[in-house]
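Asks:
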Amino acid sequence: NWTMEEFIGKEIARIREICGPKGRVIGAVSGGVDSTVAAKLMHEAIGDRFHAIMVDNGVLRLNEAQQVDVMLNKDLGVNLTVVDASELFLSRLAGIEDPEQKRRAAEEEEKGAEAKGRVEWLLQGTLYPDVIESISFKGPSATIKTHHNVGGLLKDMKLKLIEPLRELFKDEVRALGRLLSIPAQLVGRHPFPGPGLAIRILGPVTRDQVKILQLADNIYIEEIRKAGLYDQIAQAFAVLLPVKAVGVMGDQRTYEQVIALRAVQSEDFMTADWFSFPADVLRRISSRITNEVAGINRVTYDISSKPPATVEWL
Ligand code: XMP
């Protein structure tokens, strides 16, 4: 039995000890709860010897890199550099349709962080369930999704790994975040996968497709927040389908893409139920997306539970 205050004290002491008086640490941050909490904890322990790096891989949500920049640098006082790798990343992703390849391409980008030099340690916001999942992934059924947070990335890097959240569950990370004065909006934020929008664009990932999805997703989340439903949902996001559906505008037929909306309630994401929206909220979201997002003429709502579906579409 332990309290979160004890955990903070113990973990800060442990970090200081293993890094020594001069050790430098870098860590990729995503703007998500885990990496932000891990970064803030690191900052509390070793101050400016911790340096956070955010790689803009071109498949983030709308304005996300700018928002994270403000939050970490200004609000939390953590050293942060945003690296714009969207050109390189999108050019690599363009031809890839296989979801596992999309995941691996996303990991590759973060290796850029190594170039900072004189750094010995790499921070990762790995949680306890990630540790468990990646162990079970080594079983014979290799068809389960690879997990972004553990392993792979480190193979070609000479950095030693530091994982302060390794023993914690998600709700414990949130409690820790509150104690570390991380803004409530961020602490309560829905999870976002490491490979980003790349696994929510079911066809080729291009800048145009990313833009369409970013705009649709942003409207969706904005309306969910306005309706006061955000905290009742474990995860909500839009998915861009690679099919063209017929529509009508004036006296013209249109052939445009379809957005699928996903929203689930879940305790641990191992199982999940689709969320029952009030009809008027769905109506408003659909009408805004079809009116405001060029290239979309149809919006559908995903009513599949996990299992047999998964939360993500890829
Ligand atoms: P699934 O689709 O497996 O998703 O039901 C369960 C939870 O895991 C997230 N997820 C990922 N997170 N890299 C990540 O960092 C991934 O490749 C990945 N795939 C799924 C998903 O968003 C959901 O919260």
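With UniProt numbering as the guide, the letters of the sequence shown map in order to residues 207 to 520. From the three backbone atoms N, C-alpha and C, an ideal C-beta is built for every residue, glycine too. As the structure is a computational prediction, the values presented were derived from the model and not from experiment.
1. Return yes when at least one heavy atom of the ligand XMP lies under 8 Å from the C-beta of Thr516, else no.
2. Counting only runs that start and end within the segment 431 to 515, where is the alpha helix (DSSP H) found for 4 or more residues in a row?
3. Give a yes or no on whether the C-beta atoms belonging to Glu217 and Ala251 are separated by under 9 Å.
4. Any contact between the segment 392 to 406 and the segment 435 to 447? By contact I mean 3 or more CB pairs, one from each, below 8 Å.
5. Which two residues bound the contiguous beta strand (DSSP E) that contains Gly233?
6. Drop a sphere of 10 angstroms on the beta-carbon of Asn207, count the other beta-carbons inside from all chains shown, and report buried for 16 or more, exposed for fewer.
7. Roughly how far, in whole angstroms, is the beta-carbon of Tyr426 from the beta-carbon of Leu467, given that I think they are within contact range, below 8 Å?
8. The ligand XMP heavy atoms versus the CB of Gln441: any closer than 8 Å?
9. Kindly indicate the opening and closing residues of the alpha helix (DSSP H) around residue 205.
10. By DSSP, does Ile259 sit in helix, in strand, or in coil?
11. Identify the continuous beta strand (DSSP E) that holds Asp290 and give its terminal residues.
12. Does the distance between the C-beta of Gly237 and the nearest non-hydrogen atom of the ligand XMP fall short of 8 Å?
13. Whole angstroms are fine: how far does the CA of Val337 sit from the CA of His353?
14. Under the three-state reduction of DSSP, which class applies to Lys366: helix, strand or coil?
15. Look at Ile232 and Leu365 and say whether their C-beta atoms are less than 9 Å apart.
16. Where does Leu392 fall in DSSP's three states?
17. Taking just the CA atoms, how far does Ser492 sit from Phe256?
18. Could you check whether Met210 and Ala381 sit closer than 9 Å to each other, using their CB atoms as the reference points?
19. On the criterion of 16 or more Cβ atoms from any shown chain inside 10 Å, does Gln438 qualify as buried, or is it exposed?
20. DSSP three-state call for Ile252: helix, strand or coil?
21. Going by DSSP in three states, Leu268 sits in which element: helix, strand or coil?
22. Suppose contacts are defined by Cβ-Cβ distances below 9 Å. Is Val325 in contact with Ala291 by that definition?
23. Can Ile221 and Pro370 be called in contact, C-beta distance under 9 Å?
24. Write down the C-beta distance between Asn263 and Gly402 rounded to the nearest angstrom, noting that I regard them as a contact closer than 8 Å.
Replies: The short version:
1. Answer for Thr516: yes, Cβ within range of the ligand XMP.
2. Runs found: 485 to 498.
3. Glu217 places its beta carbon less than 9 Å from that of Ala251.
4. Contact holds: three or more Cβ-Cβ distances are below 8 Å.
5. Unbroken beta strand (DSSP E) run through Gly233: 231 to 234.
6. Per the 10 Å Cβ criterion, exposed.
7. Indeed they touch by this definition, with Cβ atoms about 6 Å apart.
8. Yes - the ligand XMP has a heavy atom lying nearer than 8 Å to the Cβ of Gln441.
9. Residue 205 cannot be examined here, being either before or after the span of the chain that is shown, 207 to 520.
10. Correct three-state label for Ile259: strand.
11. Per DSSP, the continuous beta strand (DSSP E) segment holding Asp290 begins and ends at 286 to 290.
12. False, no ligand heavy atom lies under 8 Å from that Cβ.
13. Because His353 carries a pLDDT of 48, less than 50, the predicted location of this residue cannot be relied on, and no value is offered for it.
14. In the structure shown, Lys366 sits in a strand (DSSP, three-state: E or B).
15. The answer is yes: Cβ separation under 9 Å.
16. It is helical.
17. Roughly 44 Å between the two C-alpha positions.
18. Yes, they are a contact pair.
19. With fewer than 16 other Cβ atoms within 10 Å, it is exposed.
20. Helix, per DSSP.
21. Secondary structure at Leu268: coil, using DSSP grouped into helix, strand and coil.
22. Going by C-beta atoms, Val325 is not nearer than 9 Å to Ala291.
23. Cβ distance < 9 Å, so Ile221 and Pro370 count as in contact.
24. That pair is a contact at about 6 Å.
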